[in-house]
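Report on one structure; see the data block that follows.
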Amino acid sequence: MKSKCEKVRLIFKEQKMSTVSEHVPFMHLCKLCQKIAEKKGKYKLKPLVEFMNYWRGFHERLHIGHPNTTDSFFPVMRLLLPQCERQRAAYGIKEYTLAKLFIEIFCLNKNGTDAQKLLNYRSPKSASDEAGDFASVAYFVLKNRSPETGSLTVHDINHYLDNIATNHAEKKKDELKHDLLHLLRNTSALEQKWLIRMILKDMKFGIGENSILKAFHMDAKDLYNVTNNLEKVCCSLRDPSVSLHEIEITLFSPFRPMLAEMATPDQVEQLTGGTPFVIETKYDGERLQLHKHGSSYMYFSRGGFDCSETYGTTPLEGSLTPYIHRSFKPGVKNCILDGEIVIYSNKLKCIVSKGENPEIQAMAPDGDYTPCFCAFDILLLNDQVLSNLPLKDRVCYVKEAFISIENKIRYTKQITATTNNEVTEELNYAIDNRLEGIVIKKSDSVYKPNKRKEGGWFKVKPEYIEDLMTELDLLIIGGYYGEGRRSNVISHFLLGLASRSRDGDPGCFYSFCKVGSGYTLKELHELSGKLGDHWKTFDFKNPPVCYMMGTSRKELPDVWIEPSKSVIVQVKASEIIRSKFFALPHTLRFPRVEKIRYDKPWQDCMTIQELEELQNLAQGRLATKRSIPSEDENSPKKQRIQRERNITVAPHFRPTDVSSVEKVSEIFKGKEICVVFSLLEKKQEMERCITQHGGKFVQNPGNNTFCVVSDKVTARLQNIISIDMYDVVKSEWINKCIEMQKILPWVPADLFHATEKTRDKLEGLYDKYGDSYTEDATEDSLHKIFENIPIKESSNDYILNHELSEIEKTLFSGPSPYGLFRNCWIHLRTETKNKNIPFDERSEKFKLLYFTLLLRGANMCKYSDDDNVTHIVDLSSNDESEEIVKKQFWLRLHGLPTEAKADKISANTPVMKEQWVFNCIKKNKVLKENECETDDEADKSDDSMFLLL
Numbered sequence: 001m002k003s004k005c006e007k008v009r010l011i012f013k014e015q016k017m018s019t020v021s022e023h024v025p026f027m028h029l030c031k032l033c034q035k036i037a038e039k040k041g042k043y044k045l046k047p048l049v050e051f052m053n054y055w056r057g058f059h060e061r062l063h064i065g066h067p068n069t070t071d072s073f074f075p076v077m078r079l080l081l082p083q084c085e086r087q088r089a090a091y092g093i094k095e096y097t098l099a100k101l102f103i104e105i106f107c108l109n110k111n112g113t114d115a116q117k118l119l120n121y122r123s124p125k126s127a128s129d130e131a132g133d134f135a136s137v138a139y140f141v142l143k144n145r146s147p148e149t150g151s152l153t154v155h156d157i158n159h160y161l162d163n164i165a166t167n168h169a170e171k172k173k174d175e176l177k178h179d180l181l182h183l184l185r186n187t188s189a190l191e192q193k194w195l196i197r198m199i200l201k202d203m204k205f206g207i208g209e210n211s212i213l214k215a216f217h218m219d220a221k222d223l224y225n226v227t228n229n230l231e232k233v234c235c236s237l238r239d240p241s242v243s244l245h246e247i248e249i250t251l252f253s254p255f256r257p258m259l260a261e262m263a264t265p266d267q268v269e270q271l272t273g274g275t276p277f278v279i280e281t282k283y284d285g286e287r288l289q290l291h292k293h294g295s296s297y298m299y300f301s302r303g304g305f306d307c308s309e310t311y312g313t314t315p316l317e318g319s320l321t322p323y324i325h326r327s328f329k330p331g332v333k334n335c336i337l338d339g340e341i342v343i344y345s346n347k348l349k350c351i352v353s354k355g356e357n358p359e360i361q362a363m364a365p366d367g368d369y370t371p372c373f374c375a376f377d378i379l380l381l382n383d384q385v386l387s388n389l390p391l392k393d394r395v396c397y398v399k400e401a402f403i404s405i406e407n408k409i410r411y412t413k414q415i416t417a418t419t420n421n422e423v424t425e426e427l428n429y430a431i432d433n434r435l436e437g438i439v440i441k442k443s444d445s446v447y448k449p450n451k452r453k454e455g456g457w458f459k460v461k462p463e464y465i466e467d468l469m470t471e472l473d474l475l476i477i478g479g480y481y482g483e484g485r486r487s488n489v490i491s492h493f494l495l496g497l498a499s500r501s502r503d504g505d506p507g508c509f510y511s512f513c514k515v516g517s518g519y520t521l522k523e524l525h526e527l528s529g530k531l532g533d534h535w536k537t538f539d540f541k542n543p544p545v546c547y548m549m550g551t552s553r554k555e556l557p558d559v560w561i562e563p564s565k566s567v568i569v570q571v572k573a574s575e576i577i578r579s580k581f582f583a584l585p586h587t588l589r590f591p592r593v594e595k596i597r598y599d600k601p602w603q604d605c606m607t608i609q610e611l612e613e614l615q616n617l618a619q620g621r622l623a624t625k626r627s628i629p630s631e632d633e634n635s636p637k638k639q640r641i642q643r644e645r646n647i648t649v650a651p652h653f654r655p656t657d658v659s660s661v662e663k664v665s666e667i668f669k670g671k672e673i674c675v676v677f678s679l680l681e682k683k684q685e686m687e688r689c690i691t692q693h694g695g696k697f698v699q700n701p702g703n704n705t706f707c708v709v710s711d712k713v714t715a716r717l718q719n720i721i722s723i724d725m726y727d728v729v730k731s732e733w734i735n736k737c738i739e740m741q742k743i744l745p746w747v748p749a750d751l752f753h754a755t756e757k758t759r760d761k762l763e764g765l766y767d768k769y770g771d772s773y774t775e776d777a778t779e780d781s782l783h784k785i786f787e788n789i790p791i792k793e794s795s796n797d798y799i800l801n802h803e804l805s806e807i808e809k810t811l812f813s814g815p816s817p818y819g820l821f822r823n824c825w826i827h828l829r830t831e832t833k834n835k836n837i838p839f840d841e842r843s844e845k846f847k848l849l850y851f852t853l854l855l856r857g858a859n860m861c862k863y864s865d866d867d868n869v870t871h872i873v874d875l876s877s878n879d880e881s882e883e884i885v886k887k888q889f890w891l892r893l894h895g896l897p898t899e900a901k902a903d904k905i906s907a908n909t910p911v912m913k914e915q916w917v918f919n920c921i922k923k924n925k926v927l928k929e930n931e932c933e934t935d936d937e938a939d940k941s942d943d944s945m946f947l948l949l
């Protein structure tokens with residue numbers, strides 16, 4: 001399959017067309033990038049505008065001698081804004097990969113100074129003030145080893161980058177490496193510096209994409225916000241003197257969605273100018289736009305990425321489209337909906353938090369957790385663009401487009417309000433139900449793609465309001481070197497929690513989260529001054545004993561600090577979520593530093609136990625208080641709300657009430673067990689049972705959790721299993737322990753998942769199928785062992801039987817009585833036409849013959865048209881069947897073609913009678929058709945039942 005770029009190049013070649021990019025050296029573009037980076041403030045755009053004018057002028061000069069030359073600025077724009085390029089897939093290349101390639105290309109000593117600078121580019125010793133910026137470190141290392149000028153053009157660079165992206169997508173590592181080596185060998189050090197930044201998609205210009213687009217054309221930013229397509233922007237706006245009068249949202253073309261700015265409840269009336277506004281529920285999901293035309297669908301994420309393959313391009317495929325296609329009303333030909341894709345629990349009948357569940361795009365459409373689209377806006381309906389209509393009119397069109405389906409596609413809850421107090425009430429409702437927050441929209445606001453400021457949309461979250469969020473006091477245990485203005489400075493920090501200490505100071509800290517925002521540069525420099533002399537280089541092979549770190553290499557810090565020399569920081573976040581990157585199985589979502597607590601001693605750091613209690617209180621949400629309306633201090637309403645200041649947890653988040661449960665035994669005394677069941681009722685029943693027998697249950701597994709108990713593997717349980725920190729036990733084990741009045745040791749059949757420690761222990765006691773080396777087998781244990789033995793495919797069975805046949809030849813002088821039919825693939829044909837009758841419902845005659853053949857090594861085939869079938873044994877007793885068998889044998893004996901059968905029996909497959917099996921057993925060999933005895937010739941004294949035994 002040729003890529004889109006290759007097809008375009010072939011068309012150009014056939015039409016003898018060329019582009020300006022084929023004539024402009026890549027070095028010219030790199031010099032432009034260097035000038036932009038070195039200039040300051042408003043002067044950064046001057047060299048960019050000059051280069052754009054040079055490009056257009058160069059095209060005019062080329063056009064005289066080469067009239068087919070195109071002037072699209074897209075080849076340059078996609079290199080200047082690599083983070084906005086949607087047509088080129090990911091490269092799959094990071095700093096470490098590039099470092100190894102440089103070492104290989106320039107034959108550097110792996111243990112030498114230059115090689116170590118590349119591999120440890122974040123270290124401040126790498127290259128003066130450029131630590132943390134791999135491209136700058138590479139430039140200093142390679143500037144004396146590379147040619148002064150490269151030989152490649154802008155067109156060549158794009159060509160090879162396209163190839164690299166394609167080869168990465170197709171997993172062609174050798175081709176990818178070849179193209180990358182060609183680029184690096186044919187570019188100068190300066191070109192390599194900017195090429196690296198283009199590959200890493202971080203140009204470090206000091207100006208944003210909006211400024212670069214505006215320099216190209218006044219309307220470029222608006223068009224890109226609508227189309228999300230750099231190539232379309234460059235082609236449509238090539239002439240800066242021509243304005244784009246109308247920018248429309250088009251079907252199947254992604255656009256940057258409209259955004260909301262932050263606000264607090266007491267600001268809403270002022271921000272909306274005292275006019276009515278709409279309050280919407282803010283769901284915890286991912287922004288998604290749905291494009292529909294007839295039976296064709298496309299889905300785009302907030303960043304413009306195509307998610308259609310996941311959700312379905314037609315009603316016949318995907319995890320969402322087949323379920324929502326019929327919900328659209330008959331008159332809807334096409335539409336574009338803006339909304340949020342969330343996770344819906346079919347068991348709990350509600351939307352659940354994304355933070356505690358797998359990725360939405362990985363949801364199974366028929367599982368407990370399924371994707372659900374919440375539509376809150378519409379931009380196009382039946383070819384009519386609606387973005388310029390006020391919100392109050394657009395909302396009506398949303399409900400005209402489709403019929404709501406609770407767990408698949410639904411309208412977002414919207415109410416009209418006018419006061420700040422109504423905003424507070426809705427925010428409290430969101431807090432009580434563990435929702436992310438609310439969104440306020442002016443009723444007369446029009447839809448402006450990618451607009452945040454002054455667009456008329458505002459988001460209100462608990463974390464924006466002082467005293468509503470529980471703040472965590474965490475200790476700085478490690479640091480990371482920053483980039484850009486923060487180069488050579490510890491700008492990000494690894495934070496930890498203290499383990500429980502019975503007396504004295506906490507002896508160990510567990511890594512918990514990473515934070516890099518919330519403080520100013522001034523505060524950062526002040527903190528660096530306090531900690532600077534105490535930082536120590538982190539050694540991956542010999543980590544400090546006072547800290548427990550995660551297994552993820554990228555989360556390990558560059559430096560670490562002794563606890564007694566460190567500082568506590570007060571951190572605010574939206575919720576506690578699962579993670580497998582840190583020492584603890586949880587981390588914070590969107591953490592930021594609220595305050596640096598120089599006044600607190602390091603021993604006052606939050607403990608793991610305090611975190612577990614907080615997590616169980618509100619299912620991970622950190623909004624633990626209600627907002628109070630701005631009314632008179634002594635008003636009855638305010639006093640009532642103050643009495644209800646503590647949160648009320650929604651029913652499906654509440655732990656089981658065990659206040660009335662009476663303890664009957666101490667079987668699970670001292671054991672903390674997390675119960676994860678698919679049905680809420682069964683979960684609560686199991687939690688009461690554990691409490692009744694002396695145990696403690698928790699809603700989420702923590703550091704002291706003994707095991708996780710479940711009745712089936714659900715999406716949430718898979719998430720817990722992926723962390724590989726807990727033994728996951730079947731619920732039957734709890735029942736067996738209660739029956740035996742003691743905690744029973746785990747056997748493989750008891751476990752959905754075992755940790756590495758448990759696996760090592762069980763491997764010495766059981767084989768891979770769960771058969772014990774030391775205990776006698778029982779009927780029940782054998783059934784479970786056989787269930788664990790996988791059913792092999794036919795090809796593997798053939799290999800296995802062939803091996804067994806060879807072994808039997810060495811053990812027996814003649815044919816083995818237990819392997820007589822080892823190389824036969826036999827189908828038992830009966831009078832019934834139904835081939836799917838359960839085995840238990842078969843006749844006793846059929847079962848007896850089936851097991852007789854199986855006992856002697858036969859491979860039993862369910863269907864007669866199986867390609868492997870070598871013999872068909874006919875159990876029919878009617879005369880017609882006997883005539884068919886005789887006729888088929890006669891035709892085959894004389895080399896004549898056999899007649900076609902309804903059950904598609906192969907012409908070369910012999911059809912034998914039931915007596916053939918007994919005759920083979922009697923003779924102890926597999927008889928051919930012409931060797932078979934008839935019923936009259938068979939020895940009447942031989943009892944068939946005796947032969948079976």
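Mapping the sequence shown onto full-length UniProt numbering, position 819 (from 1) lands on 819, and the numbers just tick up by one.
Cβ coordinates follow ideal geometry from the N, Cα and C atoms, glycine included.
What are the boundary residues of the alpha helix (DSSP H) that includes residue i?
i: L290; result: Looking at the DSSP string, L290 is not in any alpha helix (DSSP H); the run it does join, the beta strand (DSSP E), is E286 to H293.
i: K845; result: E844 to L855
i: H182; result: K173 to R185
i: G273; result: Careful: G273 lies outside any alpha helix (DSSP H) and carries neither H nor E.
i: H217; result: Element bounds for H217: n/a, residue is neither H nor E.
How big is the Cα-Cα spacing for residue i and residue j?
i: D156; j: K214; result: 27 Å
i: N158; j: F540; result: 38 Å
i: R856; j: P817; result: 6 Å
i: K232; j: R238; result: 10 Å
i: L29; j: A573; result: 42 Å
i: C861; j: D867; result: 10 Å
i: S443; j: L680; result: 40 Å
i: Y91; j: P322; result: 33 Å
i: residue 960; j: G518; result: The question about residue 960 has no answer here: the residues shown for the chain are numbered 1 through 949.
Which residue or residues does DSSP assign as beta-bridge partners of residue i?
i: Q570; result: D473 and K595
i: D604; result: Its beta-bridge partners do not exist; DSSP assigns none.
i: L708; result: Looking at the sequence provided, one finds Val at residue 708 rather than Leu. Looking at the DSSP assignment, V708 forms a beta bridge with C674 and V728.
i: C513; result: L495
i: D306; result: F300
i: T416; result: V278
i: I826; result: M860 and H871
Start and end of the beta strand (DSSP E) containing residue i?
i: P298; result: First, the amino acid is wrong: residue 298 is Met here, not Pro. Segment S296 to S301, the beta strand (DSSP E) holding M298.
i: M912; result: V911 to K913
i: L495; result: I490 to A498
Looking only at its chain, what residues have a beta carbon closer than 7 Å to the beta carbon of residue i, apart from the 5 residues adjacent to it on each side?
i: residue 961; result: In the structure as shown, the chain begins at 1 and stops at 949. Residue 961 is therefore absent and cannot be evaluated.
i: L472; result: V571 and M606
i: K683; result: V675 and F677
Among the residues of its own chain, which have a CB less than 8 Å from the CB of residue i, if the five just before and after it don't count?
i: P47; result: L32, K35, I36 and K39
i: V729; result: C707, V708, V709, S710, W746, D750, L751 and F752
i: Y283; result: E340, V342, I351, C374, T412, L435 and E436
i: V664; result: Q692 and H693
Near residue i, what residues of its chain come up, given a Cβ to Cβ distance below 6 Å and the 5 sequence neighbours on each side ignored?
i: E931; result: none
Inset, instruction - Note down, one range per segment and in chain order, each beta strand (DSSP E) of at least 3 residues found wholly within the stretch 325-413. - result: 334-345, 350-352, 369-381 and 409-411
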